Amino acid sequence: MPSLNTRIKLARARLPVKQAPDAFDELSRATALLSTGTDFTQLQSILVEQTCDISRSDLAALYIYSNAEDEARSALKLSYRRGPWNAPASLNRASDTIAFLEECGEAAVLNARKDCVLSGMLLDPAMQAAIALPLALPRYRAGLLVLNSREAGHYGKQRLSFLSSFCALAAGMLKSAKLFKELKERAAEIEALERYQESVFSSMTNLLITSERDGRIRFYNDQAAEAFGLLPEDIGRPAHEVLANRLDKSILKAAESCLKDGSTILGIEGIAKAEGEDLDFTLNLSPVRGRRSDRSDGMVYLFSDQTKERELKERMNVVVEERRAIKDMFSRYLSVDVVKHLMDSPDKIKMGGSGKRATVFFADIRGYTSFSEGKTPEYIIKILNEYFSEAVDIVLKYRGFIDKFIGDCIMAAWGVPLTSEEEDARNAVSCALEIQALINNPKRTFFRGEAEHLRVGIGVHTGYLVAGNLGSSRRMNYSVIGDTVNIAARLEGVAKASEVIITSDTQSLLGKAFKVEEREAVRVKGKAEPIRIYRAIKRL
3 MPSLNTRIKL ARARLPVKQA PDAFDELSRA TALLSTGTDF TQLQSILVEQ TCDISRSDLA
63 ALYIYSNAED EARSALKLSY RRGPWNAPAS LNRASDTIAF LEECGEAAVL NARKDCVLSG
123 MLLDPAMQAA IALPLALPRY RAGLLVLNSR EAGHYGKQRL SFLSSFCALA AGMLKSAKLF
183 KELKERAAEI EALERYQESV FSSMTNLLIT SERDGRIRFY NDQAAEAFGL LPEDIGRPAH
243 EVLANRLDKS ILKAAESCLK DGSTILGIEG IAKAEGEDLD FTLNLSPVRG RRSDRSDGMV
303 YLFSDQTKER ELKERMNVVV EERRAIKDMF SRYLSVDVVK HLMDSPDKIK MGGSGKRATV
363 FFADIRGYTS FSEGKTPEYI IKILNEYFSE AVDIVLKYRG FIDKFIGDCI MAAWGVPLTS
423 EEEDARNAVS CALEIQALIN NPKRTFFRGE AEHLRVGIGV HTGYLVAGNL GSSRRMNYSV
483 IGDTVNIAAR LEGVAKASEV IITSDTQSLL GKAFKVEERE AVRVKGKAEP IRIYRAIKRL
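Its first residue numbered 3, the sequence shown is counted upward by one per residue in our numbering.
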């Protein structure tokens, strides 16, 4: 496969020789390339190469904050450079230029070499014009992109508009890539802690039993099972009932008191009626608490003649809390099902996919090409984002997985990573109909003004595909591929404005839950025989 730089040059080379690309075409092409990367380093490369090529700059330098969590102590270090001229290895944040750029938080342009507060944007003596663009979001700053040109007056209004829009998109993708990397690293840490925990539990000589907040047994180790004769069916039973014939009533009352008020009692001595010989023990009772919470989530019973394993309990509590923290942090950036899947099976974050039957839909805006002509990139992005925000909420409401945005098209799937064929098909069609109903509602909050005539055509197909983390060790995307995806994409082209077109494979899974209308079979690229299709009208 050609390298990234080669693909970029080939894409640009397809333009007619005498036709200069407009700002929207350039933004669409650059954004499409940017959306192919999830790796932080790869995104930096795409960002610098694209901005340098499209703006016809002689020198491009991307400076990244060395510590995004502690910005006050962070340095702006050179991360990626393009051009034969030198660029400083880092930028002095105390200088007038950088202090001004950080304070204003906006793009700045210098079109002639002169003594002013922006002169520090010129990175080499040969440069005559410069533009500096912050890569920032609310409460997050990734870095600063600086472009230089040997030509005075090089950076005009059109270049500024394109570069500002593109860098705003890039900032969000850089943050998502950073968060995804942190997710993988944290999942690996948790997996290592769980392996360590299991190893310690299997080798420890102490007896360990844990209960839920309501006092029901949640876990016991092999040593406790052997000593007290515990069985798998004892999981979920009240601890005081299971241990009633083993421990003295005073100990059971102390345990109930600890569970109720969240207190800790160490060093309770007693004799338990164990399988075989009685057990002379020292019992420590302590509540299960997260690192950042004072509320008790259960109880730990540790029967021992020593307390060396106390550190293990704390580690176990930290693992529970860290899992909760990861879910809270990343559920905003990845679909809920994917996050849960990764938390349940951290080893799934690897290359490769699995085959399954799933339902895929493509939703494309009708009249978008003619509508976008003559519009500014900022306006186009605003219109798309207003629509995407509403449509994505509906997809997630019906448990769909947002695979990607392809320009003005939404690609979503049902049945990945969790599969239920009939329910997946019904959810996909219900989602498509609700999106169309919302678009046709005069009270909608998007497609207003000049965009009020825009409508959407949706194609849906069910079949076999491959889903998983696909790519290389340098960059992976959780996605779906296969003939099913191609057919769904072709159907989207068949659907007229405000229509939902489904195949017979999808229709056969709907039962009598929807009103549908059979259409004339259509031929699609790659298929020898026509495909039977239906128009989904409404849910019954």
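Ideal Cβ placement from N, Cα and C applies to all residues, glycine included. From a predicted model like this one, the values you see are computed outputs, not experimental measurements.
Closest to K498 by CA distance: which of G369, V394, Q52, L45 is it? Taking the sequence shown and counting its residues from 1, the one referred to as residue 498 is at position 496. With distances taken between Cα atoms, K498 lies closest to G369.
Going by Cα to Cα distance, which pick from A453, T99, R359 is closest to E423? The residue labelled residue 423 in the question sits at position 421 within the sequence shown. Checking every option, the nearest Cα to that of E423 belongs to R359.
Give, in chain order, every unbroken run of the beta strand (DSSP E) that is at least 3 residues long and sits entirely within the segment 165-223. Fully enclosed beta strand (DSSP E) runs of 3 or longer: 209-214, 219-222.
When you compare each of L420, R457, A131, F449 to Q438 by their alpha carbons, which one comes out closest? Here residue 438 refers to the residue found at position 436 when the sequence shown is read from its first residue. Checked all of L420, R457, A131, F449; the closest Cα to Q438 is R457.
Using three-state DSSP, classify H455 as helix, strand or coil. Locating residue 455 in the sequence shown gives position 453, counting from the first residue. H455: coil per DSSP, three-state reduction.
Anyone know if the C-beta pair for I267 and L287 falls short of 9 Å? In the sequence shown, counting from the first residue as 1, residue 267 sits at position 265. In the sequence shown, counting from the first residue as 1, residue 287 sits at position 285. Cβ atoms of I267 and L287: closer than 9 Å.
Can G85 and A62 be called in contact, C-beta distance under 9 Å? Numbered from 1 along the sequence shown, position 83 holds the residue referred to as residue 85. Numbered from 1 along the sequence shown, position 60 holds the residue referred to as residue 62. Closer than 9 Å, so yes.
So what does DSSP say about H242, is it helix, strand or coil? In the sequence shown, the residue the question calls residue 242 occupies position 240. The three-state reading of DSSP puts H242 in helix, counting H, G and I together.
I think V462 touches I483, with their Cβ atoms under 8 Å apart; what is that distance to the nearest whole Å? By one-based count along the sequence shown, residue 462 stands at place 460. By one-based count along the sequence shown, residue 483 stands at place 481. Contact flag wrong, Cβ pair sits at about 17 Å.
Classify M331 as helix, strand or coil using the three-state DSSP reduction. The residue you call residue 331 lines up with position 329 of the sequence shown. Residue confidence is low: M331 scores 40 on pLDDT, short of 50, so the model does not pin down where it sits. Its coordinate-derived value is still stated next. DSSP places M331 in helix when its eight states are reduced to three.
From F363 to G459, what does the alpha carbon distance come to, in whole angstroms? Within the sequence shown, numbered from 1, the residue matching residue 363 stands at position 361. Within the sequence shown, numbered from 1, the residue matching residue 459 stands at position 457. Those two C-alpha atoms are separated by around 10 Å.
Cα separation between L45 and Y303? Residue 45 sits at position 43 when you count from the first residue of the sequence shown. Residue 303 sits at position 301 when you count from the first residue of the sequence shown. Each residue's alpha carbon lies about 50 Å from the other.
Distance, Y536 Cα to I56 Cα: Taking the first residue of the sequence shown as 1, we reach residue 56 at position 54. Taking the first residue of the sequence shown as 1, we reach residue 536 at position 534. Spanning the two alpha carbons is a distance of roughly 44 Å.
Reducing DSSP to helix, strand and coil, say where I533 ends up. Counting from 1 along the sequence shown, the entry for residue 533 is found at position 531. I533: strand per DSSP, three-state reduction.
Do the CB positions of G217 and M318 come within less than 9 Å of each other? By 1-based counting over the sequence shown, the position of residue 217 is 215. By 1-based counting over the sequence shown, the position of residue 318 is 316. Against a cut-off of 9 Å, the Cβ pair of M318 and G217 comes out as no contact.
Where does R161 fall in DSSP's three states? Position 159 of the sequence shown, counting from 1, holds the residue named residue 161. Correct three-state label for R161: helix.
I'd like the list of long-range same chain contacts for S151, defined as Cβ closer than 6 Å, with 5 residues on each side in sequence excluded. By one-based count along the sequence shown, residue 151 stands at place 149. If we look at S151 and ignore the five residues flanking it on each side, its Cβ neighbours are S59, D60, A131.
Buried versus exposed call for R525 [16 or more other C-beta atoms within 10 Å across all chains shown]: For this step, residue 525 is matched to residue 523 along the sequence shown. A residue is called buried when at least 16 other Cβ atoms come within 10 angstroms of its Cβ; R525 does not meet this threshold and is exposed.
What residue does the alpha helix (DSSP H) around A257 start on, and which one ends it? Translated into the one-based positions of the sequence shown, residue 257 becomes position 255. Taken as a continuous stretch (DSSP letters only), the alpha helix (DSSP H) holding A257 covers 251-263.
Host beta strand (DSSP E) of I544 (start-end): Since the displayed the chain opens at 3 and closes at 542, residue 544 lies outside it and no answer follows.
Whole-angstrom distance between F448 and I533, CA atom to CA atom: Here the question's residue 533 lines up with position 531 in the sequence shown. Here the question's residue 448 lines up with position 446 in the sequence shown. Cα to Cα, I533 sits roughly 34 Å from F448.
Out of A274, E258, T361, R143, point me to the one whose CA is closest to N69's CA. Along the sequence shown, one-based indexing puts residue 69 at 67. Nearest option by C-alpha distance: R143.
Within a Cβ cutoff of 8 Å, which residues of the same chain sit near L42, ignoring the five residues on either side of it in sequence? Numbered from 1 along the sequence shown, position 40 holds the residue referred to as residue 42. Inspection of the sequence shows that residue 42 is occupied by Phe rather than by Leu. Cβ neighbours of F42 beyond the five flanking positions: L176, A179, K180, K183.
With a CB to CB cut of under 8 Å and the five nearest residues on each side skipped, what residues in its chain are close to A154? Within the sequence shown, residue 154 is the residue found at index 152, counting from 1. Cβ within range, chain order: N113, A114, R115, Q130, A131.
Need the endpoints of the alpha helix (DSSP H) that Y370 sits in, please. Counting from one through the sequence shown, the residue named residue 370 turns up at place 368. Judged by DSSP secondary structure, Y370 falls within the alpha helix (DSSP H) whose first and last residues are 370-374.
Three or more beta-carbon pairs under 8 Å between the segment 134-143 and the segment 100-110, yes or no? yes
Pick helix, strand or coil for S628, following the three-state DSSP scheme. Here the chain comprises residues numbered 3 to 542, so residue 628 is not present and cannot be evaluated.
With burial defined as no fewer than 16 other Cβ atoms inside 10 Å of the residue's Cβ, what is the status of E494: buried or exposed? In the sequence shown, counting from the first residue as 1, residue 494 sits at position 492. That one is buried.
Simplified DSSP assignment, three categories, for L420: Within the sequence shown, residue 420 is the residue found at index 418, counting from 1. Three-state result, L420: coil.
Under DSSP, the alpha helix (DSSP H) around V487 begins and ends at which residues? Stepping through the sequence shown from its first residue, residue 487 is reached at position 485. Note, V487: alpha helix (DSSP H), 485-496.
Straight-line gap, V397 to L49 (C-alpha atoms, nearest Å): Start at 1 with the first residue of the sequence shown, and residue 397 comes out as number 395. Start at 1 with the first residue of the sequence shown, and residue 49 comes out as number 47. In a straight line, the C-alpha of V397 is about 30 Å away from that of L49.
With C-beta atoms as the reference, is V518 less than 9 Å away from I504? Along the sequence shown, one-based indexing puts residue 518 at 516. Along the sequence shown, one-based indexing puts residue 504 at 502. Yes, they are a contact pair.
Checking the sheet assignment: what are the DSSP bridge partners for L80? Numbered from 1 along the sequence shown, position 78 holds the residue referred to as residue 80. For L80, which the question treats as bridged, DSSP gives the partners Y65.
Between the Cα of P234 and the Cα atoms of R220, E454, Y65, N443, which residue gives the shortest distance? On the sequence shown, position 232 is the one that residue 234 refers to. The closest CA to that of P234, considering only R220, E454, Y65, N443, is found on R220.
Straight-line gap, M331 to S259 (C-alpha atoms, nearest Å): Residue numbering aside, residue 331 sits at position 329 when the sequence shown is read from its first letter. Residue numbering aside, residue 259 sits at position 257 when the sequence shown is read from its first letter. Model confidence at M331 stands at a pLDDT of 40, short of 50, so the residue's coordinates are unreliable and nothing is read from them.
At which residues does the beta strand (DSSP E) containing E235 begin and terminate? For the purposes of this step, residue 235 is taken as the residue at position 233 of the sequence shown. From DSSP, E235 is part of no beta strand (DSSP E); its letter is neither H nor E.
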